[in-house]
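Enquirer:
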Amino acid sequence: MVIAHAPAAAVFSPWSTYIPWFIIGGLFLANVMERTNLLKRIAYNSILLTGASYNGIIWGLAIAGVILFLLIPGNTVFPLAALAYGLCKALNLKVGKETAGITMAAAISSLLPGWFIFNANYGLLTGLGKGVAGEVNLTWIQYLMYNSINILFYAFMFWIITKMFKPSVPINAKDYFKSQLEKLGKMSFDEKKVLIMSVMLFAFLLTTQYHKIEAGWGFIIFPMLLYFPGLSVATNEDLKNVNYGMAIFTAACMGIGTTAGALGLGKVVASVIMPILAGKGIMFIFGTVYTMIFSLNFLMTPLAIMSAFTLPLTEIAMSFGINPAAWYMFIQIAVDAIILPYEYVLYLIFFSFGIVKLSDFVKFQAVKTILTMIFVFTILIPFWRMIGFLMM
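Take the sequence shown: its letters are residues 1 to 392, numbered as in the numbering used here.
(1) I'd like to know whether the C-beta atoms of M318 and V136 end up nearer to each other than 7 angstroms.
(2) Using only CA atoms, which one of Y342, I160, S13, L144 lies nearest to L124?
(3) Please return the same chain residues whose Cβ sits closer than 8 angstroms to the Cβ of I293, not counting the five positions on each side in sequence.
(4) Does the Cβ of F28 have 16 or more other Cβ atoms within 10 Å, making it buried, or fewer, making it exposed?
(5) Taking the C-alpha atoms as reference points, what is the distance between G216 and L311?
(6) For K40 and E34, I'd like the C-alpha separation in whole angstroms.
(7) Ordered along the chain, which non-local residues of its own chain (more than five positions away) have a Cβ less than 6 angstroms from that of L195?
(8) Bridge partners for N172 per DSSP, in chain order?
(9) Do you know offhand how far A4's Cα is from T259's?
(10) Which residues does DSSP list as the beta-bridge partners of M300?
(11) Which of helix, strand or coil does DSSP assign to I117?
(12) How far does the alpha helix (DSSP H) with F189 in it extend, from its first residue to its last?
(13) In the structure shown, what three-state DSSP assignment does M392 receive?
(14) Is I322 helix, strand or coil by DSSP?
(15) Taking the straight line between their C-alpha atoms, what separation do you get for P382 and T36?
(16) Let me know the secondary structure DSSP gives N45 once reduced to three states.
(17) Between which two residues does the alpha helix (DSSP H) containing K130 stretch?
(18) Roughly how many whole angstroms lie between the Cα atoms of L111 and Q209?
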């Protein structure tokens with residue numbers, strides 16, 4: 001703004017969008033749910049529902065991940081990482097296939113629901129590409145509908161985990177989870193109030209096509225109701241303990257994109273790449289970008305990649321007539337294609353608990369990356385083309 005004379009309206013525009021506030025609201029709601037034990041209750045019941053054997057734990061985490069992501073999208077990493085670690089320790093499992101399977105299942109259940117449930121990452125991408133693509137507004141239902149095929153891949157990955165990390169001895173955690181639920185006792189009045197608020201929020205998300213309010217604002221409005229008389233569940237500590245740095249960092253990343261757009265940097269970068277892609281087919285374009293993002297993951301974090309490259313990549317997509325809404329979804333999937341823990345801090349959190357061997361982590365992520373690529377190019381993109389979502 002000072003050196004390149006970028007307009008202040010462009011530099012600070014992310015704060016006028018719902019994205020940073022969406023993150024703050026989601027983190028606040030996660031704090032309330034964790035303090036009231038609602039997160040644990042949902043996770044324990046999900047795993048008991050599937051039998052609490054080793055495979056039951058894996059599939060229970062899959063169910064818990066979706067339920068929790070619906071309530072606090074993008075904010076389930078820490079609760080599920082702690083759950084996986086605590087479970088492995090409680091069952092006295094040695095570091096090996098069993099602990100790797102449970103931990104990787106928890107990681108997948110905390111991140112991959114974003115491939116079909118609206119989340120802040122997608123909102124971030126729409127904000128970064130706004131300079132060339134304009135407003136891209138999908139309702140919560142539209143996001144789910146256009147990406148519904150990803151639910152199959154989500155389930156398939158848990159099946160892969162049960163095959164890759166078969167336990168050497170039978171595991172049954174039913175008694176453990178029953179005892180944990182007994183410790184929690186009956187559902188408290190505060191938990192019920194949070195559930196009521198969550199139902200209200202869910203109803204808001206389902207009706208965005210009618211009230212025309214962007215879904216992200218709901219994650220600010222409804223959690224704040226927990227301070228109102230009649231609910232009165234939230235405390236000052238819940239708000240104080242929010243990681244505001246995450247929201248500030250995200251807004252700063254968005255600011256990089258909006259500033260670059262105002263200065264025309266996206267067009268400059270796109271003009272360099274365009275000759276390589278000229279005359280090529282859509283699949284070649286998607287394949288080139290997927291390979292580029294996979295390679296960049298070794299050098300940059302996903303947020304850095306999205307901040308630096310969303311604008312020029314969207315410029316390229318627009319020039320080929322690709323629907324930016326589908327393009328952003330593709331980028332969100334591509335940045336998840338990693339091999340090593342350091343590439344993505346959210347996966348690193350799970351690895352840092354020390355119950356997954358590096359060899360097991362690398363093996364699983366390599367398989368996931370290959371399967372993701374096959375799925376995207378043989379199923380997802382053709383599906384988008386079939387329903388008319390791929391092109392503008």
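Even glycine gets a Cβ: it sits at the ideal position worked out from N, Cα and C. Bear in mind that the values here come from a model prediction, so they are computed numbers and not experimental data.
Expert: In short, the structure shows the following:
(1) no
(2) S13
(3) I305, F309, I331, A334, V335, A337
(4) Classification for F28: buried.
(5) Whole-angstrom Cα-Cα distance: 22 angstroms.
(6) 7 angstroms
(7) none
(8) In the DSSP output, where bridge partners are listed per residue, N172 has S53.
(9) Because the pLDDT of A4 is 49, which lies under 50, any placement of that residue in the model is unreliable, and the question is left without a value.
(10) Looking at the DSSP assignment, M300 forms no beta bridge with any residue, so it has no partner.
(11) coil
(12) 189-206
(13) coil
(14) strand
(15) 44 angstroms
(16) helix
(17) Where K130 is concerned, the enclosing alpha helix (DSSP H) stretches over 130-133.
(18) 26 angstroms
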